[in-house]
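Participant: My questions all concern the structure below.
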Amino acid sequence: MPTSIKSVGTYVPAGVLTNADLEKMVETSDTWIRERTGIVERRIAAADEGTTDLAVAAAQDALSAAGLRPEDTDLIVLSTSTPDSTFPSCASRVQERLGAHGPAFDVQAACTGFLYALDIADKFVNAGESRQALVIGTETLTKIVNFKDRGTCVVFGDGAGAVVLGPSESGGIKSCVLGSDGSGGDLIYVAPGAEGPEGRGRPEIRMDGRKVFRFATEILAQATLQALEKADVSLEDVTLIVPHQANARIIEAAGKRLGVGPEIMANNIAHYGNTSTASIPLALKDSVKAGRVHKGDHLVLVGFGAGLTWGACVLEWE
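Have a look at this one:
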């Protein structure tokens, strides 16, 4: 039986960090940031606000939109690179906070993680092992950003997105393709904190922006076409492509490779920054709210991330 997305929920912290704010913190400018990333502002979690908090709020939003109670769900697959603890899993903490039941576990595939989690949950529902699954992408990346490194601190933001996945009589997820190439693991990674007089500092993100850009523009187009071929859907029949919101220039370049315009490529990075695994559901929810998605439309969700990892899912909106 096909599996479809029943609802989308999101949550972003109240704190906003603008480009003007960053100008006071690091050697950069609003113009420099906009031209290279397309970002105007990003959301910042409060000191007492964790990855789990964001995930719970996004899950509650998705459940409300689907008209479901937490106890109506029987699976939670959660993607994050910034869990509040090594163990127990963030998914387990979310389950307890919601009052949900059934298996709950984390997936880590960096910015591609939401697509990995979606594919796993899809297989659970297809196999009859789940009736209503919660798939969550949640990050507090600003807690591992070095705000003296202008190459990374201007890029990342915090947020969470969730979908309810369940069986469908028609439409739904038509294909998913996933990939990984560990030889590119050093292009974007989290380095351990440096030793200092007060012990080891906090971990921080390191990234080779130019090499990541080249990889991203190629793989977003490639994965999209592979998923469409697997689904037996033509690119011309696609209403909306929802890419990982890494960088506006990457999204534009990938669109040009595919031969599609901005009306097809969802792009909301200006107000959220790169929220890693949360970015696809955040962009999907904004597209739904803007009236860009209708019943019967074919969509592609596509992303890439550290690992290097990538993935794409083709679905017919229910």
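Residue 1031 in this note's numbering sits at position 226 of the sequence shown, with consecutive numbering throughout. Glycine included, C-beta positions come from ideal geometry on N, C-alpha and C.
By Cβ distance, which residues of its chain are closer than 8 Å to GLY1004, with the 5 residues on each side in sequence left out?
Facilitator: With a pLDDT of only 49 at GLY1004, under the threshold of 50, the placement of this residue in the model should not be trusted; the figure read from the coordinates follows. Excluding sequence neighbours, GLY1004 sits near nothing in its chain.
Participant: Round the Cβ separation of HIS1103 and VAL1065 to the nearest angstrom and send it over; I've been treating them as touching at under 8 Å.
Facilitator: Contact flag wrong, Cβ pair sits at about 13 Å.
Participant: Which partner residues does ILE844 have in the DSSP bridge list?
Facilitator: None; ILE844 has no bridge partner.
Participant: Please tell me whether SER973 and PRO807 are closer than 7 Å, where the distance is taken between their beta carbons.
Facilitator: Taking C-beta atoms as the reference points, SER973 and PRO807 count as a pair closer than 7 Å.
Participant: State the beta-bridge partners of ASP963 as determined by DSSP.
Facilitator: THR945
Participant: Which residues in the same chain have their Cβ closer than 6 Å to the Cβ of THR823, if we skip the five residues on either side of it in sequence?
Facilitator: GLU846
Participant: Ignore the nearest five residues each way along the sequence and tell me which others in VAL1038's own chain have a CB closer than 7 Å to its CB.
Facilitator: LYS979, HIS1103, VAL1119
Participant: Rounding to the nearest angstrom, what Cα-Cα distance links THR1022 and ASP877 in this structure?
Facilitator: Linking THR1022 to ASP877 through their CA atoms gives a straight-line distance of about 40 Å.
Participant: How many Å lie between CYS916 and THR1082 at the Cα?
Facilitator: 4 Å
Participant: Please say whether LEU859 and TYR816 have beta carbons closer to each other than 7 Å?
Facilitator: yes
Participant: For the alpha helix (DSSP H) holding ARG1097, just list the boundary residues, first then last.
Facilitator: Run containing ARG1097: none; DSSP gives neither H nor E here.
Participant: Look up GLU1121 in the DSSP assignment and give the residues it is bridged to.
Facilitator: Under DSSP, GLU1121 takes part in a beta bridge, and its partners are GLY977, HIS1103.
Participant: Leaving out five residues on either side along the sequence, give the residues of the same chain with a beta carbon under 7 Å from the beta carbon of ALA825.
Facilitator: ASP835
Participant: Would DSSP call ILE925 helix, strand or coil?
Facilitator: helix
Participant: Work out the CA separation of GLY976 and ALA1058 for me, nearest whole Å.
Facilitator: Near 30 Å, if we compare the C-alpha coordinates of GLY976 and ALA1058.
Participant: Whole angstroms are fine: how far does the CA of VAL1047 sit from the CA of ILE1085?
Facilitator: 6 Å
Participant: Taking its Cβ as the centre, do 16 or more other Cβ atoms sit within 10 Å of PHE919, making it buried, or is it exposed?
Facilitator: Its Cβ being crowded by 16 or more others within 10 Å, PHE919 is buried.
Participant: Comparing the C-beta of ALA1051 with each C-beta of chain C, is any distance below 7 Å?
Facilitator: No chain C appears in the structure shown, which is made up of a single protein chain.
Participant: For the region 1047 to 1080, list the alpha helix (DSSP H) runs that are entirely contained and at least 4 residues long, ordered along the chain.
Facilitator: 1053 to 1063, 1074 to 1077
Participant: Is it the case that the Cβ atoms of ALA1117 and VAL1098 are separated by a distance below 7 Å?
Facilitator: Going by C-beta atoms, ALA1117 is not nearer than 7 Å to VAL1098.
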